[in-house]
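What follows is a set of notes on a single structure, which appears directly below.
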Amino acid sequence: MPAFALMGRVAVVAVLAAVATGCGAWTVSGAGSQMAGQAAAAAPAASSGSGIDALTQVARRRYITESRGRVAVQTLHRVAGDPVLQRLLRSANVAATRAYVEQQFAAVWYHWHVSRLRVLKGSQAVIDVGMPFVVAPSHMALRGPGGQRLSTLEVSIQDVIGFVRYMHRNYPVDVVVRGQRPGHVRTSLPAAAHVQLPSRGSVTIAGHRYLVRSFQETALGGEPVTAWILTRG
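Under numbering that gives the first Met the number 0, the sequence shown has 134 at position 135, and the numbering climbs by one with no breaks.
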């Protein structure tokens, strides 16, 4: 949408102001970095290059927060602190552990905003429940009383469509996220789902011109993803 120069500057300031934006009884290693705060309420639309650059910064920081911010790390430790899960992992009974995880995921952990949970032995996921396409999880080593490594716990608190919807709902942008696995495409603009998008520039979709910026991140298992931020321009 059109904006005068002054309005564009105000939009950038508002977006950047919004950017200022996670321990269990076991020994912990590999937990994600901590970030404080969350993005504020929706910012005004910005059609200038500087406006979309600021909005892309907001989107990237939001993605990082969902992946390894304070809430993500706190949720990881909260799940890891479950005494029944600890006991079952020490027992090495994978079937019983899987049954418990599936029950707790549906009844409790999903309501803590756990979107995906995996328990790994080495590099192999022996337990895997949740949504199919999620942001990179926070993770920690789970160790027994003697310090022996039992497994690695991975918890993601956001699926990719949740990230897309958050950005589209709170900011004047459309978002496209594509991974490398079949079906790993999520967008707030269906017409853009399979359009070839530049990493930076502009594109016409369904008769409308959009400014485009992008950033690279990862999803579960280190899957590379690209997120494109689009504004009408």
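Quick reminder that beta carbons are idealized off the backbone N, C-alpha and C, glycines included.
In the DSSP assignment, the residues bridged to A124 are L119. Residue environment for A105: exposed (fewer than 16 other C-beta atoms within 10 angstroms of its C-beta).
In this structure, DSSP gives S137 an extended state, which the three-state scheme calls strand. Straight-line measurement puts the Cα of G206 at about 32 Å from the Cα of P131.
It is roughly 14 Å from the alpha-carbon of D158 to the alpha-carbon of G182.
Taking 8 Å as the cut-off, the Cβ atoms of P197 and V211 count as close. Listed in chain order, the non-local C-beta contacts of S187 below 6 Å within the same chain comprise V163, H167, D173, V174, local neighbours out to five positions each way being set aside.
Under a 10 Å Cβ-count criterion, S213 is classified as buried, with 16 or more other Cβ atoms of the shown protein chains found around its own Cβ. The beta carbon of A190 sits closer than 7 Å to the beta carbons of I204, A205 from its chain, once the five residues preceding and following it are set aside; these are given in chain order. Look at E65 here: in three-state DSSP terms it is helix. Non-local C-beta neighbours of V83 in its own chain, meaning closer than 7 Å and more than five positions away in sequence, comprise Y99, ordered along the chain. Taking a contact as a CB-CB distance under 8 Å, the pair T64 and W111 does not count as one, their CB atoms being some 16 Å apart. Cα atoms of D81 and Q102: separation of roughly 13 Å, rounded to the nearest angstrom. Counting the other CB atoms within 10 Å of its CB gives A95 a total below 16, which places it among the exposed residues. Counting the other Cβ atoms within 10 Å of the Cβ of R60 gives 16 or more, which makes it buried. Taking the Cα positions, A226 is about 10 Å away from T217. When the five nearest sequence neighbours on each side are left out, the beta carbons in the same chain lying within less than 8 Å of the beta carbon of R199 are those of V211, R212, S213, in order along the chain.
Rounded to the nearest whole angstrom, the CA to CA distance from K120 to P144 is 18 Å.
For L141 against L88, the beta-carbon gap comes to about 6 Å, under 8 Å, which counts as contact.
Excluding the 5 residues flanking it on each side, Y62 has same chain C-beta neighbours closer than 7 Å at V134, F162, E216, A226, in chain order.
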